[in-house]
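Colleague: Sequential numbering of the sequence shown, starting at 1, is according to the UniProt record's numbering.
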Amino acid sequence: MANFQVFKSSTKNQYYYLLKATGNSQLILSCEGFTSKQNCLDAIKYIRERAADDEFYERTSSYLNYIFVVKAADGTVIGKGEHYTIESARENSIEMIKSGSEKAVVQDFC
């Protein structure tokens, strides 16, 4: 299980979300920032809709650095995973999004 946490930066005047595992608060997915709360919530909705599609995850890697991003239909990055030192850790995070984002509770801290 996971939770989306939505919050507003006090310094940048932008809205952000974090997707965290409920048991250990592991960060699964984060974003760069949105100009409105609605845009942030729309990104969460889009992630939920596309989470099961393996092609939704753009994976890249270099020596001991495995990452992934998720993009909106227009190609804009709307989420990014952590940097992982092993490929299986990256894949585990993607599987957590696939299995947990649809039912994840949205916690509004704005």
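Beta carbons are placed, not taken as given, at the ideal position from N, Cα and C, and that holds for glycine.
Strictly by DSSP, which residues pair up with Phe4?
Modeller: Per DSSP, Leu19 and Val106.
Colleague: Under three-state DSSP, which class holds Lys12?
Modeller: Looking at Lys12 - three-state DSSP - the assignment turns out to be coil, as it is neither helix nor strand.
Colleague: How far does the alpha helix (DSSP H) with Asn39 in it extend, from its first residue to its last?
Modeller: Looking at the DSSP string, the run of the alpha helix (DSSP H) that includes Asn39 is Lys37 to Arg50.
Colleague: Measure the alpha-carbon distance for Arg50 versus Ser10 and round it to whole angstroms.
Modeller: Taking the straight line joining both Cα atoms gives about 30 Å.
Colleague: State the DSSP-derived secondary structure class of Ile78, mapped to helix, strand or coil.
Modeller: Residue state, collapsed to three classes: strand.
Colleague: Grab me the residues of Asp108's own chain with a C-beta within less than 6 Å of its C-beta, minus the 5 sequence neighbours each way, in chain order.
Modeller: Excluding residues within five positions, the ones whose Cβ falls inside 6 Å are Val6.
Colleague: What whole-angstrom Cβ distance do Phe4 and Tyr17 have, given they're in contact under 8 Å?
Modeller: 5 Å between Cβ atoms; contact.
Colleague: So, helix, strand or coil for Asn24, using DSSP?
Modeller: Here Asn24 sits in coil by DSSP.
Colleague: With DSSP run on the structure shown, which of helix, strand or coil describes Ser101?
Modeller: Coil, per DSSP.
Colleague: Looking only at its chain, what residues have a beta carbon closer than 7 Å to the beta carbon of His83, apart from the 5 residues adjacent to it on each side?
Modeller: Closer than 7 Å at the Cβ level, and outside the excluded window around His83, lie Asn65 and Ile67.
Colleague: With a threshold of 7 Å on Cβ separation, who are the neighbours of Glu91 within its own chain once the five nearest residues in sequence on each side are excluded?
Modeller: For Glu91, where only same-chain residues beyond five positions count, there are no Cβ hits under 7 Å.
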